[in-house]
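A.B. asks: First residue of the sequence shown: -19, per our numbering; consecutive thereafter.
For each residue, glycine too, the CB sits at the ideal point set by N, CA and C.
Note that the structure is a prediction, hence the values are computed from the model and not measured.
Sending over a structure as structure tokens; questions will come in a sec.
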Amino acid sequence: MSGTGIGGFVSTDDLQRLKQRARHIKREQGIPHHEAIEAVARSVHFDNWQQVVVAHEAMLPTETAAREGVVFAMDFKDAEVCQGRPIELPDGRYVEDELLGLFFEECVYQLARDESDEEDGRPGHEHFSEEELREFVEEALFELVFYRYEGDRLPTSADEIAQQVAGECFFGPQYIWIAGQLQDRFSSP
């Protein structure tokens, strides 16, 4: 479970898998539904099903931003200028969200894997093993600060987002995603 392994957060996909597991246990063991979901909750290190539901609700703003909203990431040294505070805009704001890296790890991995080397033009997967690439991505994600947009009017382009951030931070985003799709990449991690 991706969510239950990271600070007890549960994504919608995790929740659906847990419910499916509970249905399976209910049929297999012939126990009532409430007993099955409680057993599943304990199997993933929660005290009860209500904690699973609360963990899912805590993950929803992050998950919604990753799938349907606006997200950007910048180098942690550049983000220090913002001092961990939201980036306030006239019609919304960007808030730091450390859980967003969970949703974009595969995207950053694909970039590292497929990106051509400046010297010889060969992609990363021809230079590095799978393990080395995964380690590189883990380190890169550790050095990124992720922000999600909260507001009524979502920015619609990478340029608009970069301009909004430039008004508050000296350096701009390295990555920008809109509705889960990488829009722009300004520099390598």
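Using DSSP with H/G/I as helix, E/B as strand and the rest coil, what is F84?
C.D. replies: DSSP places F84 in helix when its eight states are reduced to three.
A.B. asks: Identify, in the order they occur along the chain, each residue of the same chain with its Cβ nearer than 7 Å to the Cβ of C62, setting aside the five sequence neighbours on each side.
C.D. replies: Once the five neighbours on either side are set aside, the close Cβ partners of C62 are E148, C149.
A.B. asks: Given 8 Å as the limit, is there contact between the region 9 to 24 and the region 128 to 135, that is, 3 or more CB pairs closer than that?
C.D. replies: Judged by Cβ distances under 8 Å, the region 9 to 24 makes no contact with the region 128 to 135, as fewer than three pairs qualify.
A.B. asks: Grouping DSSP H, G and I as helix and E and B as strand, with all else coil, what is E123?
C.D. replies: Coil.
A.B. asks: Which residue's Cα is closest to the Cα of G152: F52, Q161, H25, S96?
C.D. replies: Nearest C-alpha to G152: F52.
A.B. asks: Just curious, the beta strand (DSSP E) that I158 is in, first and last residue?
C.D. replies: Where I158 is concerned, the enclosing beta strand (DSSP E) stretches over 155 to 158.
A.B. asks: Relative to the alpha-carbon of D(-7), which residue among R7, E43, I156, F108 has its alpha-carbon at the smallest distance?
C.D. replies: The shortest C-alpha separation from D(-7) is found at E43.
A.B. asks: Straight-line CA distance for V20 to A38?
C.D. replies: Computed Cα separation, rounded: 19 Å.
A.B. asks: Use the C-beta contact count for S96: other C-beta atoms within 10 angstroms, 16 or more gives buried, fewer gives exposed.
C.D. replies: Exposed is the call here.
A.B. asks: Which residues does DSSP list as the beta-bridge partners of G49?
C.D. replies: DSSP, once it has assigned bridges, lists no residue as partnering G49.
A.B. asks: List the endpoints of the continuous alpha helix (DSSP H) containing E106.
C.D. replies: Here the alpha helix (DSSP H) through E106 covers 104 to 107.
A.B. asks: How many Å lie between L134 and Y74 at the Cα?
C.D. replies: Going from the Cα of L134 to the Cα of Y74 covers about 11 Å.
A.B. asks: I need the straight-line Cα distance from Q(-4) to E98, nearest angstrom please.
C.D. replies: Whole-angstrom Cα-Cα distance: 43 Å.
A.B. asks: Tell whether a beta-carbon distance below 8 Å holds between V117 and A142.
C.D. replies: No, the pair does not count as a contact, with Cβ atoms beyond the cut-off.
A.B. asks: Which word fits G10, buried or exposed, when buried means at least 16 other C-beta atoms lie within 10 angstroms of its C-beta?
C.D. replies: Answer is exposed; the Cβ neighbour count stays below 16.
A.B. asks: Would you grab the beta carbon distance between Q163 and A138 for me? Rounded to a whole angstrom, and I think it's under 8 Å.
C.D. replies: That belief holds up - the Cβ atoms of Q163 and A138 are roughly 4 Å apart, short of 8 Å.
A.B. asks: Using the three-state DSSP reduction, which class does D100 fall into: helix, strand or coil?
C.D. replies: The answer is coil: DSSP assigns D100 none of H, G, I, E or B.
A.B. asks: Could you check what DSSP says for Q9 in three-state terms: helix, strand or coil?
C.D. replies: In this structure, Q9 counts as helix in the three-state DSSP scheme.
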